[in-house]
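Counting in full-length UniProt numbering, the sequence shown runs from 1 upward without gaps.
Using N, Cα and C, we set each Cβ at its ideal position, and we do this for glycine too.
Following: one structure in C-alpha cells, then a few remarks.
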Amino acid sequence: MSRTDAYAMVQREKRDLAALLRTLTPQDWDAPSLCAGWRVRDVVAHVLYDGTSLPKYLYEVVRVGGSADKLNQLYIDRARGWSTDTLLAAFESTIERSYSAKIQPKLVLADLLIHQQDIRRPLDRPRKVPDGTLRTVLDNPDPFIHSKRRLVGLRWTATDMDWTYGDGPEIEGPGEAIVMAVGGRPSALAELSGSGVDVLRSRLVNS
1 MSRTDAYAMV
11 QREKRDLAAL
21 LRTLTPQDWD
31 APSLCAGWRV
41 RDVVAHVLYD
51 GTSLPKYLYE
61 VVRVGGSADK
71 LNQLYIDRAR
81 GWSTDTLLAA
91 FESTIERSYS
101 AKIQPKLVLA
111 DLLIHQQDIR
121 RPLDRPRKVP
131 DGTLRTVLDN
141 PDPFIHSKRR
151 LVGLRWTATD
161 MDWTYGDGPE
171 IEGPGEAIVM
181 AVGGRPSALA
191 ELSGSGVDVL
201 RSRLVNS
C-alpha cells in the first residue's frame, strides 16, 4: 500500500470520528473511555497531536524529556478548559492539516482506529470499520503500545475477513476485536476464542 493510500485512510478515519463527535451529548464527552483515566474528551485532546507542526511537536517532545506519558498529559491539560465545541473544531482542523500522518500514515492510522474504538465501545456506538483500514492496521500494528509482544508466538485468525498471522496457540475473532486486544484493551478478550486467549490475557495483565 502506498503512503498516499494510507494517508487517505487517515483522513477518512478522522472524518468518521468527527461525525461521531458531533452527535455526542455533554455527558458522553465526560464519559470514561477505554484508556485508563481518560475521558472521551481526553482521547480527543490526545489525537490533536497530528495537527501540530513537526518543529512544534519536536519542541514539545524535548520539553517533556521525551516522555510519551508526559506528552499525552500536555495535550490533555492544554485542552482541559476548552468547550466541547472548541475541542471538536480543533480536531476537525486536523483533517486537512495533518503533519505526523504525512510522515507515518500507517502508524497514525493505527492510533486513530484504536482511539476511535476507545470512544465508541464504552458509549455503545458500534460501527463497521472499513475493511481496507482494518487490514492495514492488522498488518501494521502500533509499535509504541507494545503490540508485537502480544502478537508473537500465537496464531491469529480474523473470522470476518481473510487475515491470519503467526504460529502457535490459536486466537480467533473479529478483526476489530483483534486490533483492540493487540492494542492492550482487555475488554476485547470476550470476543475472542481459542487456546491462545489465556496466553494473551496474561500478556495484557503484565503489559
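Check	Outcome
Secondary structure of G173, DSSP reduced to three states	strand
Under 7 Å between C-beta atoms of L71 and V64	yes
P105 (DSSP reduced to helix, strand or coil)	helix
Start-to-end residues for the beta strand (DSSP E) that takes in residue 249	Residue 249 falls outside the range modelled here, since the chain spans only 1 to 207, and no answer is possible.
Cβ pair count under 8 Å reaching 3, the segment 194-201 against the segment 125-134	no
Three CB pairs or more closer than 8 Å across the segment 72-86 and the segment 6-14	no
Sequence-distant residues of its chain with Cβ nearer than 6 Å to D42 (five each side left out)	I76
Helix, strand or coil at T157 according to DSSP, with G and I counted as helix	strand
DSSP-derived helix/strand/coil call for R22	coil
Sub-7 Å separation of T94 and D50 beta-carbons	yes
Other residues of its chain near residue 288: CB distance less than 6 Å, five sequence neighbours each side excluded	The structure shown has nothing for residue 288, since the chain only spans 1 to 207.
Buried or exposed (CB count within 10 angstroms, at least 16 for buried), S147	buried
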